[in-house]
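In order, the protein sequences belong to chains E and L.
Residue numbers for the first sequence follow numbering that gives the first Met the number 0, so the first one is 0 and each next one is one higher.
Residue numbers for the second sequence follow numbering that gives the first Met the number 0, so the first one is 0 and each next one is one higher.
The structure under discussion appears below in the form of structure tokens.
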Amino acid sequence: MKIDLHNLTIRKAHAAMKAGEFSAVELTQAYLEVIKAKNKDINAYLEVFDDALDQAKAADKRFKDGTATLLTGIPCATKDNLLIQGKIASAGSKILADYHATYDATVIAKLKNEGVIFLGRTNMDEFAMGSSTENSAYGVTKNPHDLSRVAGGSSGGSAAAVAMDGAMFALGTDTGGSIRQPASLCGVVGFKPTYGGVSRYGAIAMGSSLDQIGPIGKTVADCEIVHNAIHGQDGKDSTTINDSTYKSERIGRKKPVIGVPKAFLEFGGLDSSVSEAFASAIRSFESKGYEIKQIDLPNSAHALPVYYVIMPAEVSSNLARFDGVRYGLHMDGKDGIEDYFKTRRAGFGKESIRRILLGTYVLSSGYYDAYYNRANAVKGLITQDFNKAFESVDLIATPTTPSPAFKIGEKGSDPVAMYLEDIFTVTANLTGMPAISIPCGTAGRDGKQLPLGLQLTARPGDEATLFEAGKEFLGEIQ
Amino acid sequence: MITVKDLEHLAKLARIDLNEADKESLVKEFDSILGYVDQLKKVDVSMDAAGRVGAVKNVMRPDVVESISNMDRERLLDEAPDREGDFIAVKKIIAQD
């Protein structure tokens, strides 16, 4: 039978497998066929696992013996920086090209318990540093909506895999927008949880105070189901929180109140297609009974400069572990210390080297106060603005990106031009707040319709309001 | 702004070999990025709002050795570029006279 993958959701697939309309093996085969047909052009997957059908057979058994859960037999893709025992996890880098994970990440272990099918690992910017996957050591991922454009990044492979119907959902990581920005550019839903909501154990670290693992899916409900399965406190990640860590009371009586930071949007420099789509999204919320308020986030204009101090500082220490001694690439020099120099030069790509050096600079004596301490102080001011705004609203709406997907190579020469992609997403990482990107109209370019995204941010711990508003916006609840 | 000599020092601290072409392009990129980041110097931070994000606190755990299975030990050692028995092999650090 032919399975309509494009309109399939987790709940529909679960019902169909339970009713025996198709099996997990058949569903997995359908995805593998799509991958075979499309991946050579799109390059969403770096590897398709050869045991996918075996996993599906095990899932079918669970349907027979009655132990199947909502996620049993659901095929997914995982970003190349998430550890699955025995599989390669290269983080898009040459330095880990042959590295086989020695244990399961917590999120992987949780999904394995559910009986999820892991189809393969997806392309990404090296160590999650970038907004286009152009920094991958394994070639760029192309946007399924226009192959001359980027899929976004750094979780570009995960977003493209879902957008091309090559997986029901995918896991990504988000340090400054790396789940939400590619989801926006590929026309799918991307969700970054509250900091600490999901264990980072087994995710290859980039900026540890900012990184979170989250789902990319076609619907908000699918992302909610996956998040519910992977979140929770974990002894192996001391920064994880529990469901009662944050208490929040909603302002809106019937519907959440949505805040719009008008001045910040103007500062971000919106493409006209994006302002139109955003305005129409706000009108749609109004027509559904949501109250809209103007809010002010004066310090958000400094969010990107803050990010480009704190993140490279953390990158420089996190990437210090790649020394060619315990695992990964090793290049031989005349002595031990020369081994380090040669290994790291040969293994790291240009952007990684740039950020390691930048981080070393902002942390070095004489500059620490001027850069790192100051950036942390401004981060505090940004968080204060958000907390103040959340005294009168429940959600904050912005576009996810200032413009639709750009051409491959378009932002190659100037790093700052690429960094500006994250202007609206990076605040959620700096403040630790949950945020979601949902599809919101399209922009016409060269005869093609490119997806746009709407971003909603909520108080820490208030994922529920994000999911509720997201589902209502996309018409997922009647 | 930043000089080639500064960059060489940073590369030494970070243990990365740089060639002349790398240095030349990195100096320019550093100028562009630091020029952008320098706007932070104008922000009034006298309010000292600097603090932790959310309710995250330091979490302590007892410093005890936990045993791992032989299989896990093998898996870990197998990833090392060079090993001798149950040790990871590296080059001699102290030179002989």
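Every residue gets a Cβ at the ideal spot worked out from N, C-alpha and C, and that includes glycine.
Next item on the list: Starting from the C-beta of E:G195, find all residues in its chain whose C-beta is less than 6 Å away, skip the five residues before and the five after it, and write them out in chain order.
Entry: Contacts found: T238, T239, I240.
Check: Does the count of Cβ pairs from the segment 159-177 of chain E and the segment 32-47 of chain E closer than 8 Å reach three?
Finding: As far as the Cβ criterion goes, the segment 159-177 of chain E touches the segment 32-47 of chain E, which means the pair count is three or higher.
Next item on the list: Can you check the segment 278-310 of chain E for any beta strand (DSSP E) of at least 3 residues that lies completely inside it and give the ranges in chain order?
Entry: Fully enclosed beta strand (DSSP E) runs of 3 or longer: 291-293.
Check: In chain E, which residues lie with their C-beta within 8 Å of the C-beta of L:E98?
Finding: Chain L is shown from 0 up to 96; residue 98 of chain L falls before or after that span and cannot be answered.
Margin query: Can you check whether the C-beta of E:H301 is within less than 8 Å of a C-beta belonging to chain L?
Written below: Yes, because at least one Cβ of chain L sits closer than 8 Å to the Cβ of E:H301.
Check: So which residues on chain L does E:G323 lean against when the C-beta distance must stay under 7 Å?
Finding: The CB of E:G323 comes closer than 7 Å to the CB of P80 in chain L, given here in chain order.
Checklist line | E:A404 versus E:D461 - alpha carbon distance | finding: Looking at the two C-alpha atoms, the distance is approximately 30 Å.
Check: How long is the line joining the alpha carbons of E:G258 and E:K93, rounded to whole angstroms?
Finding: So the two alpha carbons sit approximately 44 Å from each other.
Margin query: Closer than 8 Å is the cut-off here; do at least three beta carbon pairs connect the segment 54-71 of chain L with the segment 68-79 of chain E?
Written below: At 8 Å Cβ cutoff, the stretches do not touch.
Check: Does any C-beta atom of chain E lie closer than 8 Å to the C-beta of L:S31?
Finding: Cβ-Cβ to chain E under 8 Å: yes for L:S31.
Item checked: E:G156 and E:Y44 closer than 8 Å at C-beta -> Contact: yes.
Next item on the list: For L:V52, count neighbouring C-beta atoms within 10 Å of its own C-beta (all shown protein chains included) and say buried if the count is 16 or more, exposed if not.
Entry: Low local confidence applies: a pLDDT of 43 at L:V52 is under 50, so the model's placement there is unreliable, and no value is given.
Notebook entry, point to check: Excluding five sequence neighbours on each side, which residues of the same chain lie with their C-beta closer than 6 Å to the C-beta of E:T424?
Noted result: Answer for E:T424: G176, R179, Q180, listed in chain order.
Notebook entry, point to check: For the segment 428-447 of chain E against the segment 327-339 of chain E, are there 3 or more C-beta pairs whose distance is under 8 Å?
Noted result: Between the segment 428-447 of chain E and the segment 327-339 of chain E there are fewer than three C-beta pairs closer than 8 Å, too few to call the two in contact.
Checklist line | Inter-residue spacing [alpha-carbon to alpha-carbon] between E:I2 and E:K141 | finding: The alpha-carbon atoms of E:I2 and E:K141 are separated by roughly 25 Å.
Checklist line | Proximity test, Cβ basis, 8 Å: L:V58 and chain E | finding: Interface residue, yes.
Margin query: Between E:G335 and chain L, is any beta-carbon pair separated by less than 8 Å?
Written below: Cβ-Cβ to chain L under 8 Å: yes for E:G335.
Next item on the list: Using three-state DSSP, classify E:T464 as helix, strand or coil.
Entry: Reduced to three states, the DSSP call for E:T464 is helix.
Note to self: Does the CB of E:S315 have a neighbour CB from chain L at under 8 Å?
What the structure shows: Flagged as an interface residue toward chain L: E:S315, by a C-beta distance shorter than 8 Å.
Check: In chain order, what residues of the same chain lie with their CB nearer than 6 Å to the CB of E:S207, ignoring the 5 residues before and after it?
Finding: Excluding five sequence positions before and after E:S207, the CB atoms of its chain that fall closer than 6 Å to its own CB belong to E313, given in chain order.
Item checked: Residues that DSSP places opposite L:E83 in a beta bridge -> L:E83 is bridged to L:F86.
Notebook entry, point to check: Curious, which full-length alpha helix (DSSP H) runs of at least 4 residues does the segment 116-142 of chain E contain?
Noted result: The qualifying runs do not exist here; there are none.
Check: Just to confirm, are E:S183 and E:L451 a CB contact at a threshold of 8 Å?
Finding: Contact flag set, yes.
Check: Rounded C-beta distance between E:Y307 and E:Y418? I'm assuming under 8 Å.
Finding: 6 Å between Cβ atoms; contact.
Item checked: Integer-rounded CB distance, given that E:M123 should sit under 8 Å from E:G85 -> E:G85 to E:M123, Cβ: 20 Å. No contact.
Notebook entry, point to check: chain L beta carbons: is any one of them nearer than 8 Å to that of E:K341?
Noted result: So, interface residue.
Check: If you run the structure through DSSP and keep just helix, strand and coil, what is E:Q232?
Finding: The answer is coil: DSSP assigns E:Q232 none of H, G, I, E or B.
Margin query: Between L:A54 and chain E, is the shortest Cβ-Cβ distance under 8 Å, so that the two count as touching?
Written below: No answer about L:A54 holds up, because its pLDDT of 47 lies below 50 and its placement is not dependable.
Notebook entry, point to check: Taking the alpha helix (DSSP H) that E:E420 falls in, what are its first and last residues?
Noted result: That residue, E:E420, is in no alpha helix (DSSP H); it is neither H nor E in DSSP.
Margin query: Checking 8 Å against the spacing of the C-beta atoms, do E:V47 and E:L31 come in under that value?
Written below: Their beta carbons are under 8 Å apart, which means E:V47 touches E:L31 by this criterion.
Next item on the list: Just the C-alpha distance for E:Q54 and E:M205, rounded to the nearest angstrom, thanks.
Entry: So the two alpha carbons sit approximately 30 Å from each other.
Next item on the list: Could you spell out where the beta strand (DSSP E) holding E:G189 opens and where it closes?
Entry: If you look at E:G189, you'll find it in the beta strand (DSSP E) that goes 188-191.
Next item on the list: Anything in chain E within Cβ reach of L:K90, meaning under 8 Å, just list it in chain order.
Entry: The answer, in chain order, is D334, G335, D338.
Notebook entry, point to check: For a contact meaning CB atoms closer than 9 Å, what does E:L296 contact in chain L?
Noted result: Counting only Cβ-Cβ distances below 9 Å, E:L296 has no contacts in chain L at all, with the closest Cβ about 14 Å away.
Check: List, in order along the chain, the chain E residues whose C-beta lies closer than 7 Å to that of L:D62?
Finding: Neighbours of L:D62 on chain E: none; closest Cβ ~13 Å, over 7 Å.
Next item on the list: Just tell me which of E:D97, E:L110, E:L82 has its CA closest to the CA of E:T68.
Entry: Ranking the options by Cα distance to E:T68, first place goes to E:L110.
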